[in-house]
Amino acid sequence: MSRAPDTWILTADCPSVLGTVDAVTRFLFEQGCYVTEHHSFDDRLSGRFFIRVEFRQPDGFDEQAFRAGLEERGQAFGMIFELTAPNYRPKVVIMVSKADHCLNDLLYRQRIGQLSMDVAAVVSNHPDLKPLAEWHQIPYYHFPLDPNDKPSQERQVWQVIEESGAELVILARYMQVLSPELCRKLDGKAINIHHSLLPGFKGAKPYHQAYNKGVKLVGATAHYINNDLDEGPIIAQGVEAVDHSHYPEDLIAKGRDIEGLTLARAVGYHIERRVFLNANRTVVL
Numbered sequence: 277m278s279r280a281p282d283t284w285i286l287t288a289d290c291p292s293v294l295g296t297v298d299a300v301t302r303f304l305f306e307q308g309c310y311v312t313e314h315h316s317f318d319d320r321l322s323g324r325f326f327i328r329v330e331f332r333q334p335d336g337f338d339e340q341a342f343r344a345g346l347e348e349r350g351q352a353f354g355m356i357f358e359l360t361a362p363n364y365r366p367k368v369v370i371m372v373s374k375a376d377h378c379l380n381d382l383l384y385r386q387r388i389g390q391l392s393m394d395v396a397a398v399v400s401n402h403p404d405l406k407p408l409a410e411w412h413q414i415p416y417y418h419f420p421l422d423p424n425d426k427p428s429q430e431r432q433v434w435q436v437i438e439e440s441g442a443e444l445v446i447l448a449r450y451m452q453v454l455s456p457e458l459c460r461k462l463d464g465k466a467i468n469i470h471h472s473l474l475p476g477f478k479g480a481k482p483y484h485q486a487y488n489k490g491v492k493l494v495g496a497t498a499h500y501i502n503n504d505l506d507e508g509p510i511i512a513q514g515v516e517a518v519d520h521s522h523y524p525e526d527l528i529a530k531g532r533d534i535e536g537l538t539l540a541r542a543v544g545y546h547i548e549r550r551v552f553l554n555a556n557r558t559v560v561l
């Protein structure tokens, strides 16, 4: 489900009305665009339609004229659309604490081209992972957290995000709760990895909670952040079977692999414009 490097991405959503698929695909046909991938979903409960199309442009493709024409065509449907050019690589800021497995996995996938993004900075409340970021030649910002003055630390974090031009923030096991103000600023633009299958086992030590309950499945959840702790719209989840012989440390070890894979999958979906917010849920096409 990886994106071809020479295709444009068109994503759109609108109220569920007759002719929405035709409005998009007919317009692409009229513009001489060749569709290489097409997915759509109509949510009968929310009454909203979602569509994602990858296409190759014809010779002499005029992006501005294309946008103007599609906007005119979509007005009758109340359609909101986004057009993403080939080789799009968003700037990203990754936030971490002390655990390195998710950061290491993301940087590796970026390096081999599996995740088409540019990591502009790594931000942490601890100095531990600075060598890993520097090995990848990525700026590392260590902002210690003063429990009596958390807003000042978050102002520094936000300054890095703004000055780097980051379109996405990844909380790769950043073990601090963000303030409501920062959550609002990052609404729909920040992905967190939680080391359990939400909505179960929220908060601290989820693997210990899972062990105490004798679970037979452990997993991880990647979700957009919001002001409700661990309640943001879920993008991806991963699971693996366990049994009575797995102690908390065994669950933690298994969890590392699941966390890295699940977070990378969610980031890939976001970068490839596959995720639509639908109230407190997501549609992933």
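Under this note's numbering, the letters of the sequence shown match residues 277 to 561, in that order. Think of the CB as a built atom: it goes at the ideal place given N, C-alpha and C, for glycine as much as any other residue.
Pick out the complete beta strand (DSSP E) segments inside the segment 319 to 407, 3 residues or longer, and give them in chain order. Secondary structure within the segment 319 to 407: the beta strand (DSSP E) runs of 3 or more consecutive residues, fully enclosed, are 324 to 332, 356 to 360, 367 to 372 and 394 to 400 (chain order).
Would you be able to state if there are at least three C-beta pairs under 8 Å between the segment 363 to 373 and the segment 338 to 346? In short, these stretches do not touch, since the Cβ pair count stays below three.
Cβ contact (3+ pairs, closer than 8 Å) linking the segment 507 to 514 and the segment 532 to 545: yes
Can you tell me whether histidine 265 is helix, strand or coil according to DSSP? Nothing in the structure corresponds to residue 265, since the chain is present only between 277 and 561.
Does the beta-carbon distance from aspartate 506 to lysine 478 come in below 8 Å? yes
Roughly how many whole angstroms lie between the Cα atoms of alanine 442 and tryptophan 434? Their Cα atoms are separated by approximately 10 Å.
With a floor of 4 residues, list each alpha helix (DSSP H) that falls wholly inside the segment 450 to 527, ordered by position along the chain. Runs found: 456 to 461 and 482 to 489.
Proximity to threonine 287 [Cα-Cα], best of Gly295, Phe305 and Phe331: Phe331
Going by other Cβ atoms of all chains shown within 10 Å of its Cβ, with 16 needed for buried, is histidine 520 buried or exposed? When all chains shown are included, histidine 520 counts as exposed.
Which residues mark the beginning and the end of the beta strand (DSSP E) in which threonine 301 is found? That residue, threonine 301, is in no beta strand (DSSP E); its alpha helix (DSSP H) goes 296 to 306.
Endpoints, beta strand (DSSP E) assigned at proline 291: 284 to 291
Can you give the beta carbon distance from isoleucine 414 to alanine 448, rounded, assuming they're within the 8 Å contact cut? Contact doesn't hold; Cβ gap of about 13 Å is too wide.
Give the secondary structure of leucine 539 by DSSP, where H, G and I count as helix, E and B as strand, and everything else as coil. helix
Could you check whether valine 436 and valine 399 sit closer than 8 Å to each other, using their CB atoms as the reference points? yes
Alpha carbon of valine 518 to alpha carbon of histidine 471, nearest angstrom: C-alpha of valine 518 to C-alpha of histidine 471: approximately 15 Å in a straight line.
Please classify glutamate 443: does DSSP put it in a helix, a strand, or coil? Three-state result, glutamate 443: coil.
Looking only at C-alpha atoms, which of Glu410, Asn401 and Ala486 sits nearest to proline 423? Asn401
Would you kindly report the start and end of the unbroken beta strand (DSSP E) that includes histidine 412? Counting along the chain, histidine 412 falls outside any beta strand (DSSP E), and DSSP gives it neither H nor E.
Please confirm whether glycine 531 and valine 515 have their CB atoms less than 8 Å apart. no
Could you tell me the distance, in whole angstroms, from the CA atom of valine 297 to the CA atom of arginine 349? 12 Å
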